[in-house]
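Residue numbers (the working numbering): 2 to 160.
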C-alpha cells in the first residue's frame, strides 16, 4: 500500500469524515498526498468539492467525475468545470494539502496565499495532510494563517 493510500484509509475511519456530507478535497500535484482515487471513490456518496485557481483566489466546484475535469492554467492541475460552489457554510470537512505542517497545526503552502484567503470563509473542521517527511518542527506563522484542527501523515495523527 502506498503512503497516500495508507493515510487516506486512516482518514476514512475518522468520525468527522464519516459524518461529513460535503467535503473540500484537492486534486493532487505530483509531490502531494495523492487524492485522485480517493476523490473518485467518494464523490457518489458525498459532495466532493475541488478548488479551481481563479486569479489570486480559489473557487470551489463540485466534482462530478473525471469526464468533467480540464487542465487548469495556474498549476496544470485537473480542475472541475461547472458552477462555482459558494455555500461555504455547508462544508463539513476540509482536507487541506501543504508543503509542510508542524505539530501545532501550522501550515506552509506554496506561497501564493490561496488557502489563506479561503480558510477564513469556511466553518469546516480542517485537517491538513502531508507525508511524514514533510513535517517541520516549527513553521513561521503570520497573523492571517489558520491553524489546522488536526494534521495527518501516513503514520497517523500528528496534532
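Just so it is clear, CB atoms sit at the ideal spot from N, CA and C, and this is done for glycine as well.
Would you kindly work out how many angstroms separate the C-alpha atoms of residue i and residue j, rounded to a whole number?
i           : j           : result
residue 108 : residue 134 : 14 Å
residue 155 : residue 85  : 32 Å
residue 97  : residue 149 : 9 Å
residue 68  : residue 79  : 11 Å
residue 146 : residue 93  : 20 Å
residue 40  : residue 117 : 23 Å
residue 125 : residue 91  : 8 Å
Taking 8 Å as the cut-off, decide whether the C-beta atoms of residue i and residue j are in contact.
i           : j          : result
residue 50  : residue 34 : no
residue 119 : residue 26 : no
residue 130 : residue 8  : yes
Identify every residue that forms a DSSP beta bridge with residue i.
i           : result
residue 55  : 58
residue 71  : 80
residue 108 : 102
residue 151 : 128
residue 94  : 24, 126
residue 48  : 23
residue 88  : Beta-bridge pairing links residue 88 to no other residue.
residue 114 : Looking at the DSSP assignment, residue 114 forms no beta bridge with any residue, so it has no partner.
residue 158 : 153
With a 10 Å radius around its C-beta and 16 neighbouring C-beta atoms as the bar for buried, classify residue i as buried or exposed.
i          : result
residue 31 : exposed
residue 82 : exposed
residue 57 : exposed
residue 3  : exposed
residue 75 : exposed
residue 72 : exposed
Going by C-alpha distance, which of the options is nearest residue i?
i           : options           : result
residue 114 : 91, 104, 129, 143 : 143
residue 137 : 101, 128, 125     : 101
Looking at chain D, is there any beta carbon in it that lies within less than 8 Å of the beta carbon of residue i?
i          : result
residue 11 : The displayed structure is made up of one protein chain only, and chain D is not part of it.
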